[in-house]
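Working notes for the structure below.
Numbering (my numbering), first residue to last: 1 to 179.
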């Protein structure tokens with residue numbers, strides 16, 4: 001693999017979407033998924049203890065080709081309440097695959113699509129995503145663990161806990177090598 005490809009190899013994880021939660025599924029062996037830099041868009045995601053769901057503006061990842069599909073909330077006319085008390089329309093949902101830029105940890109999550117200014121990951125939803133899932137914060141970082149194994153991390157920046165993630169286009173996924 002070229003140096004460029006090596007920098008974008010995903011670790012040995014695969015993505016699953018169960019109950020619209022954050023999910024990481026470990027694979028055995030060297031089942032790496034490779035893509036070039038052009039197959040990604042990098043965005044900042046903020047861990048939010050007050051958010052009831054993961055939410056992102058679909059315009060932030062428009063270039064990835066990830067589709068917004070109808071969600072229960074958009075179908076029922078439900079929305080979100082913004083920080084100023086304004087109602088924000090739920091436009092549907094997006095199932096995304098992400099790799100944290102700093103450490104290569106990979107995960108999948110379902111984000112609700114709404115006209116928000118920053119992508120938010122609900123800390124409550126992360127904690128509810130699987131048995132023994134914990135998010136612990138200190139003055140420098142927030143660490144997500146499941147059954148004692150680190151599966152994600154936020155860095156504290158300007159009072160917010162954020163992480164840079166690469167999202168790849170669904171068509172950029174390559175097949176796993178034969179076993």
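Ideal Cβ placement from N, Cα and C applies to all residues, glycine included.
Item                                                                                                            : Value
Where residue 96 falls, given that 16 or more other Cβ within 10 Å makes a residue buried                       : buried
Close Cβ partners of residue 41 (< 6 angstroms) along its chain, the five nearest in sequence each way excluded : 61, 63, 64 and 167
Backbone CA spacing between residue 121 and residue 98 [nearest angstrom]                                       : 12 angstroms
C-alpha gap between residue 66 and residue 107, whole angstroms                                                 : 16 angstroms
Assigned secondary structure, residue 62 (DSSP; H/G/I helix, E/B strand, else coil)                             : helix
The region 136-145 / the region 85-92 touching (three or more Cβ pairs under 8 angstroms)                       : no
Residue 152 - containing alpha helix (DSSP H), residue span                                                     : Segment 149-157 is the beta strand (DSSP E) holding residue 152; no alpha helix (DSSP H) there.
8 angstroms contact criterion, which residue 116 and residue 56 should meet: CB distance rounded                : 7 angstroms
Where residue 73 falls: helix, strand or coil (DSSP)                                                            : helix
Contacting residues, own chain, Cβ-Cβ under 7 angstroms from residue 126 (five flanking each side not counted)  : 22, 133, 135 and 144
Backbone secondary structure at residue 113 - three-state DSSP                                                  : strand
Whether residue 163 touches residue 100 by CB criterion (9 angstroms)                                           : yes
Cβ distance (whole Å) where residue 151 is taken to contact residue 48 below 8 angstroms                        : Contact flag wrong, Cβ pair sits at about 18 angstroms.
Cutoff 6 angstroms; reference residue 118; Cβ partners in own chain excluding five residues on either side      : 46
Where residue 136 sits in the DSSP three-state scheme                                                           : strand
Cβ neighbour criterion (16 or more within 10 Å) applied to residue 70                                           : exposed
Minimum length 4: unbroken alpha helix (DSSP H) runs contained in the region 77-106                             : none
Residue 48, DSSP secondary structure in three states                                                            : strand
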